[in-house]
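S.K.: Going by UniProt numbering, the first residue of the sequence shown is number 1, and it counts up by one from there. We put the beta carbon where it would ideally sit given N, CA and C, even for glycine. Before anything else, here's the structure in question.
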Amino acid sequence: MLTANTVGRFVIVNTLLNTTDVTLIDQLNGRQGDNGREIFFWLKKGDLPFNISNKDVKITVKDAGGKVKQISGIKDVIKADAGQFSMIIPSEMYQAAGDIQEGYISVIDTDGTVISSIPIMFNVLSNNIIITSNPSSDYIDTIEKVINEAKAKLANISDTLQMQQAAYDALKVSLTAIIQQINDKQVAILNGDNDFSGANTFTQPIKAGLATRLATFTDLANVAKDTIKYAGNWSISNVVIGNSPISGQYTLDVEPGYDSQSGHLTIHDLGSNTELYASVDKGIIKAWKRVSGDLVATLIPAKADLNDYTVPGIYDSGENAATILNGITNPSTEIGHDFILTVTADAKGTTIQQDLKTYTGWAFTRTIYQGQATVWTA
(Lines of atoms letter the chains of each structure in order from A; the text may use other names.)
(Lines give C-alpha, C1' and ligand atoms only; values in the text may rest on other atoms or scores of the structure.)
Protein backbone atom coordinates (compact mmCIF):
# COMPACT_ATOMS: atom_id res chain seq x y z
CA MET A 1 0.00 0.00 0.00
CA LEU A 2 1.29 3.43 -0.97
CA THR A 3 0.71 6.58 1.07
CA ALA A 4 -0.28 9.64 -0.99
CA ASN A 5 2.16 12.55 -0.81
CA THR A 6 1.01 16.09 -0.19
CA VAL A 7 2.07 19.51 -1.51
CA GLY A 8 0.59 22.32 0.56
CA ARG A 9 -3.13 21.67 0.88
CA PHE A 10 -3.17 19.22 -2.06
CA VAL A 11 -3.00 15.40 -1.82
CA ILE A 12 -1.27 13.95 -4.89
CA VAL A 13 -3.00 10.98 -6.61
CA ASN A 14 -0.94 9.23 -9.32
CA THR A 15 -3.06 7.79 -12.18
CA LEU A 16 -0.14 5.75 -13.55
CA LEU A 17 0.03 3.33 -10.61
CA ASN A 18 -0.59 -0.36 -11.23
CA THR A 19 -4.26 -1.26 -10.84
CA THR A 20 -3.30 -3.49 -7.90
CA ASP A 21 -1.54 -0.65 -6.07
CA VAL A 22 -3.75 0.89 -3.38
CA THR A 23 -3.10 4.52 -2.37
CA LEU A 24 -3.75 5.44 1.28
CA ILE A 25 -5.21 8.98 1.42
CA ASP A 26 -4.89 10.25 5.01
CA GLN A 27 -6.82 13.42 4.10
CA LEU A 28 -9.96 11.29 3.59
CA ASN A 29 -9.67 9.82 7.09
CA GLY A 30 -12.48 11.00 9.35
CA ARG A 31 -14.64 10.24 12.35
CA GLN A 32 -18.23 9.03 12.45
CA GLY A 33 -20.49 12.06 12.10
CA ASP A 34 -18.04 14.15 10.00
CA ASN A 35 -19.85 16.06 7.26
CA GLY A 36 -18.93 18.50 4.49
CA ARG A 37 -15.14 17.93 4.57
CA GLU A 38 -13.44 19.68 1.61
CA ILE A 39 -10.52 17.65 0.22
CA PHE A 40 -8.08 19.16 -2.29
CA PHE A 41 -6.77 16.70 -4.91
CA TRP A 42 -3.91 16.98 -7.44
CA LEU A 43 -4.10 14.30 -10.16
CA LYS A 44 -0.83 13.44 -11.91
CA LYS A 45 0.32 11.06 -14.63
CA GLY A 46 3.65 10.16 -13.09
CA ASP A 47 5.48 13.49 -12.74
CA LEU A 48 3.18 15.30 -15.20
CA PRO A 49 -0.15 16.98 -14.35
CA PHE A 50 -3.39 15.20 -15.39
CA ASN A 51 -5.64 17.61 -17.33
CA ILE A 52 -9.24 17.40 -16.03
CA SER A 53 -10.75 19.85 -18.50
CA ASN A 54 -14.27 18.68 -19.52
CA LYS A 55 -14.03 15.74 -17.11
CA ASP A 56 -15.74 14.72 -13.88
CA VAL A 57 -14.35 12.85 -10.88
CA LYS A 58 -16.17 10.14 -8.92
CA ILE A 59 -15.33 8.46 -5.60
CA THR A 60 -16.84 4.99 -5.06
CA VAL A 61 -16.25 2.96 -1.88
CA LYS A 62 -17.60 -0.05 -0.02
CA ASP A 63 -17.41 0.98 3.64
CA ALA A 64 -16.54 -1.12 6.69
CA GLY A 65 -20.21 -2.19 6.89
CA GLY A 66 -20.24 -3.40 3.30
CA LYS A 67 -22.44 -0.53 2.05
CA VAL A 68 -21.70 1.14 -1.29
CA LYS A 69 -21.13 4.91 -1.28
CA GLN A 70 -20.71 6.97 -4.42
CA ILE A 71 -20.15 10.70 -4.86
CA SER A 72 -19.30 12.74 -7.94
CA GLY A 73 -19.13 16.38 -8.84
CA ILE A 74 -16.16 18.71 -8.37
CA LYS A 75 -16.72 21.62 -5.96
CA ASP A 76 -13.93 23.91 -7.20
CA VAL A 77 -11.56 23.56 -10.15
CA ILE A 78 -8.41 25.27 -8.92
CA LYS A 79 -6.45 24.65 -12.18
CA ALA A 80 -7.87 22.24 -14.74
CA ASP A 81 -4.74 21.74 -16.88
CA ALA A 82 -2.69 20.99 -13.73
CA GLY A 83 -5.29 18.50 -12.40
CA GLN A 84 -6.06 20.51 -9.23
CA PHE A 85 -9.58 20.48 -7.78
CA SER A 86 -11.56 19.98 -4.57
CA MET A 87 -14.52 17.77 -3.56
CA ILE A 88 -16.97 17.87 -0.64
CA ILE A 89 -17.21 14.58 1.31
CA PRO A 90 -20.73 14.13 2.81
CA SER A 91 -21.58 12.48 6.14
CA GLU A 92 -22.72 9.23 4.46
CA MET A 93 -19.03 8.41 3.83
CA TYR A 94 -18.43 8.39 7.59
CA GLN A 95 -21.27 6.18 8.87
CA ALA A 96 -19.44 2.88 9.47
CA ALA A 97 -16.28 2.84 11.62
CA GLY A 98 -13.16 1.05 10.36
CA ASP A 99 -11.14 0.70 7.15
CA ILE A 100 -13.18 0.77 3.96
CA GLN A 101 -13.30 -2.60 2.22
CA GLU A 102 -12.67 -1.20 -1.24
CA GLY A 103 -12.51 2.20 -2.94
CA TYR A 104 -11.71 3.96 -6.19
CA ILE A 105 -11.22 7.46 -7.56
CA SER A 106 -12.43 7.50 -11.18
CA VAL A 107 -12.00 10.14 -13.89
CA ILE A 108 -14.92 10.27 -16.34
CA ASP A 109 -15.19 12.01 -19.72
CA THR A 110 -18.25 13.80 -21.13
CA ASP A 111 -19.59 10.50 -22.55
CA GLY A 112 -19.60 8.89 -19.11
CA THR A 113 -16.61 6.67 -19.96
CA VAL A 114 -14.18 5.92 -17.12
CA ILE A 115 -10.74 6.88 -18.49
CA SER A 116 -8.78 6.31 -15.27
CA SER A 117 -9.50 4.46 -12.02
CA ILE A 118 -7.19 4.55 -8.98
CA PRO A 119 -7.65 2.18 -5.97
CA ILE A 120 -7.71 4.09 -2.66
CA MET A 121 -7.96 3.38 1.07
CA PHE A 122 -8.97 5.45 4.12
CA ASN A 123 -10.23 4.91 7.66
CA VAL A 124 -13.29 6.02 9.65
CA LEU A 125 -12.70 6.38 13.37
CA SER A 126 -15.41 5.40 15.84
CA ASN A 127 -17.27 8.21 17.60
CA ASN A 128 -18.57 6.90 20.91
CA ILE A 129 -20.19 10.23 21.79
CA ILE A 130 -22.76 10.20 18.96
CA ILE A 131 -25.85 8.13 19.83
CA THR A 132 -27.66 7.06 16.66
CA SER A 133 -30.08 4.37 15.56
CA ASN A 134 -29.32 4.83 11.87
CA PRO A 135 -26.82 2.20 10.64
CA SER A 136 -24.75 2.66 7.50
CA SER A 137 -26.82 2.30 4.32
CA ASP A 138 -26.21 2.51 0.60
CA TYR A 139 -25.77 6.18 -0.23
CA ILE A 140 -28.36 6.30 -3.05
CA ASP A 141 -31.03 5.08 -0.62
CA THR A 142 -31.09 8.45 1.20
CA ILE A 143 -32.39 10.22 -1.91
CA GLU A 144 -34.67 7.39 -3.13
CA LYS A 145 -36.40 7.23 0.23
CA VAL A 146 -37.43 10.92 0.09
CA ILE A 147 -38.62 10.59 -3.53
CA ASN A 148 -40.64 7.41 -2.76
CA GLU A 149 -42.30 9.10 0.22
CA ALA A 150 -43.38 11.98 -2.03
CA LYS A 151 -44.79 9.54 -4.61
CA ALA A 152 -46.71 7.64 -1.94
CA LYS A 153 -48.36 10.82 -0.65
CA LEU A 154 -49.34 11.90 -4.17
CA ALA A 155 -50.85 8.44 -4.92
CA ASN A 156 -53.41 8.78 -2.09
CA ILE A 157 -54.68 12.24 -3.08
CA SER A 158 -58.00 12.56 -4.98
CA ASP A 159 -58.84 14.97 -7.77
CA THR A 160 -60.78 17.36 -5.51
CA LEU A 161 -59.59 20.89 -4.99
CA GLN A 162 -58.89 20.22 -1.33
CA MET A 163 -56.87 17.13 -2.19
CA GLN A 164 -54.94 19.06 -4.81
CA GLN A 165 -53.97 21.61 -2.18
CA ALA A 166 -52.91 18.83 0.16
CA ALA A 167 -50.86 17.27 -2.65
CA TYR A 168 -49.18 20.60 -3.27
CA ASP A 169 -48.34 20.96 0.43
CA ALA A 170 -47.00 17.39 0.65
CA LEU A 171 -44.89 17.83 -2.47
CA LYS A 172 -43.58 21.16 -1.20
CA VAL A 173 -42.47 19.54 2.09
CA SER A 174 -40.75 16.67 0.27
CA LEU A 175 -38.98 18.96 -2.20
CA THR A 176 -37.91 21.27 0.63
CA ALA A 177 -36.37 18.26 2.41
CA ILE A 178 -34.45 17.29 -0.75
CA ILE A 179 -33.23 20.86 -1.32
CA GLN A 180 -32.16 21.13 2.32
CA GLN A 181 -30.14 17.93 2.03
CA ILE A 182 -28.35 19.30 -1.04
CA ASN A 183 -27.75 22.70 0.58
CA ASP A 184 -26.36 20.95 3.68
CA LYS A 185 -24.00 18.99 1.39
CA GLN A 186 -25.48 15.71 2.67
CA VAL A 187 -25.80 14.38 -0.88
CA ALA A 188 -23.77 14.54 -4.06
CA ILE A 189 -24.88 14.46 -7.69
CA LEU A 190 -24.57 10.84 -8.81
CA ASN A 191 -23.86 9.71 -12.36
CA GLY A 192 -27.02 9.52 -14.41
CA ASP A 193 -29.28 11.43 -16.76
CA ASN A 194 -30.15 14.86 -15.36
CA ASP A 195 -32.57 17.19 -17.13
CA PHE A 196 -32.29 20.85 -16.12
CA SER A 197 -35.07 22.66 -17.98
CA GLY A 198 -34.92 25.98 -16.12
CA ALA A 199 -32.61 28.95 -16.63
CA ASN A 200 -29.45 28.96 -14.49
CA THR A 201 -27.94 32.28 -13.38
CA PHE A 202 -24.56 32.76 -11.68
CA THR A 203 -24.57 35.96 -9.61
CA GLN A 204 -20.96 35.61 -8.43
CA PRO A 205 -17.72 35.42 -10.50
CA ILE A 206 -16.70 31.90 -11.44
CA LYS A 207 -13.42 30.94 -9.77
CA ALA A 208 -11.10 29.28 -12.28
CA GLY A 209 -7.45 28.98 -13.27
CA LEU A 210 -7.54 32.11 -15.46
CA ALA A 211 -8.06 34.48 -12.51
CA THR A 212 -5.12 36.86 -11.84
CA ARG A 213 -3.87 36.52 -8.25
CA LEU A 214 -1.77 38.77 -6.06
CA ALA A 215 1.79 37.41 -5.79
CA THR A 216 2.34 35.13 -2.79
CA PHE A 217 6.06 34.72 -3.51
CA THR A 218 8.93 37.11 -2.76
CA ASP A 219 11.60 35.78 -5.13
CA LEU A 220 11.36 34.58 -8.75
CA ALA A 221 14.08 32.04 -7.91
CA ASN A 222 11.48 30.17 -5.84
CA VAL A 223 9.03 30.29 -8.75
CA ALA A 224 11.67 28.77 -11.05
CA LYS A 225 12.12 25.86 -8.62
CA ASP A 226 8.41 24.91 -8.83
CA THR A 227 6.68 26.27 -11.95
CA ILE A 228 3.74 23.90 -11.48
CA LYS A 229 3.00 25.26 -7.99
CA TYR A 230 3.12 28.86 -9.23
CA ALA A 231 1.55 28.25 -12.66
CA GLY A 232 -0.88 30.94 -13.86
CA ASN A 233 -1.21 34.71 -13.83
CA TRP A 234 0.12 36.89 -10.99
CA SER A 235 -0.12 40.60 -10.22
CA ILE A 236 2.73 42.57 -8.58
CA SER A 237 2.22 46.16 -7.44
CA ASN A 238 5.18 48.07 -5.97
CA VAL A 239 6.43 45.00 -4.07
CA VAL A 240 10.12 44.05 -4.14
CA ILE A 241 10.44 40.63 -5.81
CA GLY A 242 13.88 39.03 -5.78
CA ASN A 243 15.51 38.25 -9.16
CA SER A 244 12.89 40.30 -11.02
CA PRO A 245 14.31 42.37 -13.90
CA ILE A 246 11.92 45.26 -13.16
CA SER A 247 10.08 46.91 -10.29
CA GLY A 248 6.80 48.80 -9.97
CA GLN A 249 3.52 47.46 -11.31
CA TYR A 250 3.54 44.46 -13.63
CA THR A 251 1.97 41.07 -14.28
CA LEU A 252 3.74 37.70 -14.41
CA ASP A 253 2.58 34.65 -16.38
CA VAL A 254 4.13 31.31 -15.36
CA GLU A 255 3.86 28.42 -17.83
CA PRO A 256 5.23 25.04 -16.61
CA GLY A 257 7.41 22.99 -18.95
CA TYR A 258 8.22 19.29 -19.05
CA ASP A 259 8.58 19.18 -15.24
CA SER A 260 8.19 21.44 -12.20
CA GLN A 261 11.64 23.03 -12.72
CA SER A 262 11.20 24.05 -16.34
CA GLY A 263 8.95 26.41 -18.23
CA HIS A 264 8.51 29.97 -19.43
CA LEU A 265 8.10 33.30 -17.59
CA THR A 266 6.53 36.39 -19.18
CA ILE A 267 6.42 39.84 -17.54
CA HIS A 268 4.22 42.69 -18.78
CA ASP A 269 5.38 46.06 -17.48
CA LEU A 270 2.21 48.11 -16.95
CA GLY A 271 4.17 51.36 -16.76
CA SER A 272 6.11 51.11 -20.05
CA ASN A 273 3.69 48.69 -21.78
CA THR A 274 6.56 46.35 -22.67
CA GLU A 275 7.04 42.62 -22.27
CA LEU A 276 10.01 40.61 -21.05
CA TYR A 277 10.47 36.86 -21.17
CA ALA A 278 12.85 34.21 -19.87
CA SER A 279 13.01 30.43 -20.01
CA VAL A 280 13.46 28.20 -16.95
CA ASP A 281 15.56 25.04 -17.00
CA LYS A 282 16.61 22.87 -14.05
CA GLY A 283 15.16 25.44 -11.67
CA ILE A 284 17.32 28.31 -13.03
CA ILE A 285 16.02 31.43 -14.81
CA LYS A 286 17.88 32.04 -18.06
CA ALA A 287 18.70 35.58 -19.29
CA TRP A 288 15.72 37.93 -19.45
CA LYS A 289 14.99 39.39 -22.90
CA ARG A 290 12.56 41.92 -24.24
CA VAL A 291 10.06 40.74 -26.83
CA SER A 292 12.42 42.37 -29.36
CA GLY A 293 15.15 39.93 -28.23
CA ASP A 294 17.35 42.43 -26.36
CA LEU A 295 18.95 41.25 -23.12
CA VAL A 296 17.56 42.90 -19.97
CA ALA A 297 19.63 43.50 -16.84
CA THR A 298 18.44 42.11 -13.49
CA LEU A 299 18.33 44.64 -10.65
CA ILE A 300 20.91 44.02 -7.88
CA PRO A 301 19.19 44.45 -4.47
CA ALA A 302 20.58 46.71 -1.75
CA LYS A 303 23.42 45.29 0.38
CA ALA A 304 24.04 42.44 -2.08
CA ASP A 305 27.55 40.93 -2.32
CA LEU A 306 29.12 40.90 -5.81
CA ASN A 307 31.19 37.86 -4.76
CA ASP A 308 27.90 35.91 -4.90
CA TYR A 309 27.15 36.89 -8.51
CA THR A 310 28.54 33.88 -10.40
CA VAL A 311 25.53 33.07 -12.62
CA PRO A 312 26.14 34.37 -16.17
CA GLY A 313 23.95 37.36 -17.02
CA ILE A 314 23.66 41.15 -16.95
CA TYR A 315 22.93 42.97 -13.68
CA ASP A 316 22.13 46.61 -12.88
CA SER A 317 22.96 48.31 -9.57
CA GLY A 318 20.24 50.94 -10.05
CA GLU A 319 20.15 53.22 -7.00
CA ASN A 320 21.62 50.50 -4.74
CA ALA A 321 25.27 50.96 -5.83
CA ALA A 322 26.40 52.68 -2.62
CA THR A 323 25.21 49.75 -0.46
CA ILE A 324 26.55 46.89 -2.59
CA LEU A 325 29.47 44.93 -1.10
CA ASN A 326 32.80 44.06 -2.80
CA GLY A 327 32.42 46.70 -5.52
CA ILE A 328 35.22 48.90 -6.85
CA THR A 329 37.41 50.78 -4.34
CA ASN A 330 39.95 52.42 -6.65
CA PRO A 331 39.78 55.17 -7.77
CA SER A 332 37.83 56.39 -4.78
CA THR A 333 35.92 58.85 -6.96
CA GLU A 334 34.06 55.92 -8.57
CA ILE A 335 32.94 54.31 -5.30
CA GLY A 336 29.14 54.21 -5.07
CA HIS A 337 28.50 55.19 -8.69
CA ASP A 338 25.71 53.35 -10.55
CA PHE A 339 27.02 50.51 -12.73
CA ILE A 340 26.22 47.58 -15.05
CA LEU A 341 27.75 44.17 -14.19
CA THR A 342 28.27 41.48 -16.84
CA VAL A 343 29.03 37.96 -15.58
CA THR A 344 30.47 35.23 -17.84
CA ALA A 345 31.93 31.78 -17.15
CA ASP A 346 34.27 29.36 -18.87
CA ALA A 347 32.99 26.14 -20.47
CA LYS A 348 33.42 24.20 -17.21
CA GLY A 349 31.81 26.93 -15.12
CA THR A 350 34.77 27.02 -12.73
CA THR A 351 36.23 30.42 -13.65
CA ILE A 352 33.95 33.42 -13.43
CA GLN A 353 34.71 36.80 -15.04
CA GLN A 354 32.99 39.97 -13.88
CA ASP A 355 33.06 43.13 -16.02
CA LEU A 356 31.81 46.30 -14.32
CA LYS A 357 31.08 49.55 -16.15
CA THR A 358 30.03 52.73 -14.32
CA TYR A 359 27.67 55.21 -15.88
CA THR A 360 30.51 57.77 -15.68
CA GLY A 361 32.55 55.79 -18.23
CA TRP A 362 34.97 53.72 -16.10
CA ALA A 363 35.41 49.98 -16.84
CA PHE A 364 36.76 47.35 -14.42
CA THR A 365 37.26 43.60 -14.53
CA ARG A 366 38.17 40.72 -12.19
CA THR A 367 37.87 36.92 -11.95
CA ILE A 368 36.50 34.54 -9.32
CA TYR A 369 37.96 31.05 -9.02
CA GLN A 370 36.89 28.55 -6.36
CA GLY A 371 35.27 31.33 -4.36
CA GLN A 372 38.36 33.58 -4.38
CA ALA A 373 38.02 36.93 -6.19
CA THR A 374 40.91 38.94 -7.65
CA VAL A 375 41.25 42.73 -7.23
CA TRP A 376 39.24 44.94 -9.57
CA THR A 377 41.48 46.38 -12.31
CA ALA A 378 40.62 49.29 -14.56
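Any idea what DSSP makes of Ile52, helix, strand or coil?
M.R.: coil
S.K.: To the nearest angstrom, how far is it from the Cα of Tyr309 to the Cα of Ile246?
M.R.: 18 Å
S.K.: Exposed or buried, which one is Thr374 when buried takes at least 16 other CB atoms within 10 Å?
M.R.: exposed
S.K.: Three or more C-beta pairs closer than 8 Å, one from the stretch 7-22 and one from the stretch 40-51: is that the case here?
M.R.: Segments in contact, yes.
S.K.: If I follow the unbroken beta strand (DSSP E) through Lys79, where does it start and stop?
M.R.: 76-79
S.K.: Tell me whether the beta-carbon of Val22 lies closer than 8 Å to the beta-carbon of Met121.
M.R.: yes
S.K.: Would you kindly work out how many angstroms separate the C-alpha atoms of Arg366 and Leu214, rounded to a whole number?
M.R.: Those two C-alpha atoms are separated by around 40 Å.
S.K.: Let me know if Leu299 comes out buried or exposed under the rule of 16 or more other beta-carbons within 10 Å of its beta-carbon.
M.R.: buried
S.K.: If you reduce the DSSP assignment to three classes, tell me which class Asp308 lands in.
M.R.: helix
S.K.: Among Leu28, Asp47, Lys67, which has the Cα closest to the Cα of Ser86?
M.R.: When C-alpha distances from Ser86 are compared across Leu28, Asp47, Lys67, the shortest belongs to Leu28.
S.K.: Would you tell me roughly how many angstroms separate the C-alpha atoms of Asp26 and Thr6, rounded to the nearest one?
M.R.: Our two residues, Asp26 and Thr6, have alpha carbons roughly 10 Å apart in a direct line.
S.K.: Report yes if the C-beta distance between Gly248 and Leu220 is below 8 Å; otherwise report no.
M.R.: no
S.K.: Considering only residues of the same chain and omitting the five flanking positions on each side of Ala304, which have a CB-CB separation below 6 Å?
M.R.: Ile324
S.K.: With Tyr369 and Thr344 assumed to form a contact (beta carbons below 8 Å), what rounded beta-carbon distance in angstroms separates them?
M.R.: 13 Å between Cβ atoms; not a contact.
S.K.: Please classify Gln95 as buried or exposed, where buried requires at least 16 neighbouring CB atoms within 10 angstroms.
M.R.: buried
S.K.: How would you write the range of the alpha helix (DSSP H) that Lys225 sits in, first residue to last?
M.R.: 220-225
S.K.: Residues in the same chain with beta-carbon distance under 6 Å from Leu270, minus the five sequence neighbours each way, listed in chain order, please.
M.R.: Gln249, Tyr250
S.K.: How long is the line joining the alpha carbons of Thr142 and Gly263, rounded to whole angstroms?
M.R.: Low per-residue confidence applies at Thr142: pLDDT is 45, beneath 50, and the placement is therefore not dependable, though the value from the model is reported in the following sentence. Straight-line Cα distance between these residues: approximately 48 Å.
S.K.: If we ignore side chains and look at the alpha-carbon of each, how far apart do Ser133 and Val107 end up?
M.R.: Bear in mind that a pLDDT of 45 at Ser133, under 50, signals an unreliable position, so the number given afterwards is only what the model happens to contain. The straight-line gap from Cα to Cα measures roughly 35 Å.
S.K.: Looking only at DSSP bridge pairs, what is Phe122 linked to?
M.R.: Answer is none; Phe122 lacks a bridge partner.
S.K.: Would you identify the three-state DSSP class for Lys172, choosing helix, strand or coil?
M.R.: helix
S.K.: Please report the residue range of the beta strand (DSSP E) in which Met87 lies.
M.R.: 84-89
S.K.: Which whole-angstrom value describes the C-beta separation of Arg37 and Ile89, a residue pair presumed to lie in contact below a C-beta threshold of 8 Å?
M.R.: So it is a contact: roughly 4 Å between Cβ atoms.
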